[in-house]
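Numbering (this note's numbering), first residue to last: 1 to 329.
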Amino acid sequence: MAATGSIIGGNSASQRRWPVSEVPTDVTKLVGNTPLVRLSRLEGSLPQPVTLLAKLEWLNPGGSDKDRVAVAMLDAAEAAGVLTPDTVIIEPTSGNIGLSLAMACAVRSYHLVLTMPDVVPKERVRLLRALGAEVILTPGMRGMRGAVTRADALRKATPNSWSPRQFENPATAAAHEITGEEIWQQTNGAVDILVAGVGTGGIISGAGRRLKAHKPGLRSIAVQPAASPVLTGGPAGSHRIYGLGAPFIPAVYDADIVEEVVNISDDEAYTTLHRVMTVEGLFAGPGSGAAVAAALQIAHRRENRDVTIVVIMPDSIERYSATDALSEH
1 MAATGSIIGG NSASQRRWPV SEVPTDVTKL VGNTPLVRLS RLEGSLPQPV
51 TLLAKLEWLN PGGSDKDRVA VAMLDAAEAA GVLTPDTVII EPTSGNIGLS
101 LAMACAVRSY HLVLTMPDVV PKERVRLLRA LGAEVILTPG MRGMRGAVTR
151 ADALRKATPN SWSPRQFENP ATAAAHEITG EEIWQQTNGA VDILVAGVGT
201 GGIISGAGRR LKAHKPGLRS IAVQPAASPV LTGGPAGSHR IYGLGAPFIP
251 AVYDADIVEE VVNISDDEAY TTLHRVMTVE GLFAGPGSGA AVAAALQIAH
301 RRENRDVTIV VIMPDSIERY SATDALSEH
């Protein structure tokens, strides 16, 4: 069994005591090293012994796994000489990457321009602007396609501009190779199955690749919305599992390291989200609910008796308090 305690590794207060000379110099230095927590109450409802561990990516300083991606993309661009102090960074987004980029760009003094549909919650727009980002709203009826078109036009018209393009940037998956290494160290190598939802595909591709380098027999399970089964050749569709299910297969997604794709319905995601909150006391977002729902399905299979499953919880319900996510309860 991989865990004897409740929390394994991570950025708890007892583990963040540095001499003053070693205190991190900015908030991005706190990205990563998120803890694992054992879902012992959910384990107790299973018909067989299985260890369920959740990696709490919403404990990154910007509130999601996208902190890793934002910092990694900026680091890679700086190392390649792409960015200069007066570079304008332009990205279309309606999700977590915008907040993570705003946090990182504030620290590094980059001018960040974000384009997004005007249906994005006003609270999110205010937060982005408070972090110093310039937010340009596009007609909601055009969805993200309109935001992308506007970003492309701005990039062409703006000298010395650059777009991270998280869905195709290799740094997206590379950032999560570190996530995989953290999991390996935190479990002392006692991990058998990795479960992660797919938005860009960065988590399952990067973390899965690193874990398989350590343990080739490890199984990587991707999670997608049942209403938009694009990863398995189905049509794109509308769903309410925020952060998962792009209407295309991202370039970052590495299907070769994925053994199985599990479809989770909106109802399953929200029912599990509610269960995780009320039973485990964790602030699970919809994507986290979907991932845990898939992990529970895997845990019920007879052949998975005595295995250790690590499930990634990318962000928290607080990020969606202005949406219909809480009303589902």
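All residues carry an ideal CB built from backbone N, CA and C; glycine is no exception. Because the structure is a prediction, the values reported are computed rather than measured.
Are the stretch 257 to 266 and the stretch 19 to 32 touching, with three or more C-beta to C-beta distances below 8 Å?
At 8 Å Cβ cutoff, the stretches do not touch.
Assuming G245 and Q224 make a contact with CB atoms under 8 Å, what is their CB distance in whole Å?
The Cβ separation is near 6 Å, so the contact holds.
If you count every other CB in all the chains shown that lies within 10 Å of the CB of S228, and 16 or more means buried, which is it?
S228 should be labelled buried.
Work out the CA separation of G95 and P85 for me, nearest whole Å.
Looking at the two C-alpha atoms, the distance is approximately 26 Å.
Comparing alpha-carbon positions, which option in A196, G233, M73 lies nearest N169?
Answer by Cα proximity: M73.
By the three-class DSSP mapping on this structure, what secondary structure does Q48 have?
Of the three classes helix, strand and coil, the one that applies to Q48 here is coil, per DSSP.
Identify whether L127 lies in helix, strand or coil by the three-state DSSP scheme.
DSSP places L127 in helix when its eight states are reduced to three.
With contact counted as at least three CB pairs below 8 Å, one residue from each stretch, are the stretch 298 to 313 and the stretch 184 to 203 in contact?
The answer is yes - the stretch 184 to 203 touches the stretch 298 to 313, with three or more Cβ pairs under 8 Å.
On a Cα-Cα basis, can you pick out the residue from P216, A80, R129 that is closest to A171?
The residue with the shortest Cα to Cα distance from A171 is A80.
Which first and last residues belong to the alpha helix (DSSP H) in which E134 is found?
Element bounds for E134: not the alpha helix (DSSP H) but the beta strand (DSSP E), 134 to 138.
Using a threshold of 8 Å, state whether the C-beta atoms of M103 and G62 are closer than that.
Yes, the Cβ-Cβ distance between M103 and G62 is below 8 Å.
Measure the C-alpha to C-alpha separation of A175 and I90 and round it to an integer number of angstroms.
Rounded to the nearest angstrom, the two C-alpha atoms are 20 Å apart.
With DSSP collapsed to three states, give me the class of A293.
Helix, per DSSP.
Under 7 Å Cβ to Cβ from E280, same chain only, skipping five residues before and after it: list those, please.
For E280, where only same-chain residues beyond five positions count, the Cβ hits under 7 Å are L39, R41, L42.
Using 8 Å as the threshold, is the C-beta distance between I136 and R126 below it?
No, they are not a contact pair.
With 16 other CB atoms within 10 Å as the buried threshold, where does G5 fall?
Below a pLDDT of 50, predicted positions are generally treated as unreliable, and G5, at 45, falls in that range; the measurement from the model is reported next regardless. By the neighbour-count rule (16 or more Cβ atoms within 10 Å), G5 is not buried but exposed.
Within the continuous beta strand (DSSP E) that includes G201, where are the two ends?
Taken as a continuous stretch (DSSP letters only), G201 belongs to no beta strand (DSSP E), as it is neither H nor E.
Taking the alpha-carbon positions, what's the P47 to T308 distance?
Rounded to whole angstroms, P47 to T308 spans 15 Å at the Cα level.
Output the distance between the C-alpha atoms of V311 and A157, rounded to the nearest integer angstrom.
Rounded to the nearest angstrom, the two C-alpha atoms are 42 Å apart.
Can you tell me the Cα-Cα spacing of F283 and K122, whole angstroms?
Rounded to whole angstroms, F283 to K122 spans 21 Å at the Cα level.
Between the Cα of S64 and those of T51, L99, L52, spot the shortest distance and give me the residue it belongs to.
Looking at the Cα atoms, L99 is the closest of the given residues.
Rounded to the nearest angstrom, what separates A54 and G143 at their Cα positions?
A54 and G143: Cα-Cα distance of roughly 32 Å.
If we call anything under 8 Å between Cβ atoms a contact, is T272 one with G289?
A contact, by the Cβ cut-off of 8 Å.
Taking DSSP's pairing of strands, which residues face P159 in a bridge?
Looking at the DSSP assignment, P159 forms no beta bridge with any residue, so it has no partner.
Mapping DSSP to helix, strand and coil, what is E259?
Note: E259 maps to coil in three-state DSSP.
From this set, G132, L30, V119, which residue's C-alpha is nearest M141's C-alpha?
With distances taken between Cα atoms, M141 lies closest to V119.
Where do the ends of the alpha helix (DSSP H) carrying V27 lie?
No alpha helix (DSSP H) contains V27, which DSSP labels as neither H nor E.
Hey, could you find the ends of the alpha helix (DSSP H) A80 is sitting in?
Neither: A80 is in no alpha helix (DSSP H) and is coded neither H nor E.
Taking only three categories from DSSP, how would you classify K215?
Three-state result, K215: coil.
Since A236 and V230 should fall inside the 8 Å C-beta cutoff, what is the C-beta to C-beta distance between them, to a whole number of angstroms?
Yes, they are in contact, since the Cβ atoms of A236 and V230 sit about 5 Å apart, within 8 Å.
Going by beta carbon distance, what residues of the same chain come within less than 6 Å of A133, once the five residues before and after it are set aside?
Once the five neighbours on either side are set aside, the close Cβ partners of A133 are A102, L112, L114.
Count the other CB atoms within 10 Å of the CB of A213; is the residue buried (16 or more) or exposed (fewer)?
Per the 10 Å Cβ criterion, exposed.
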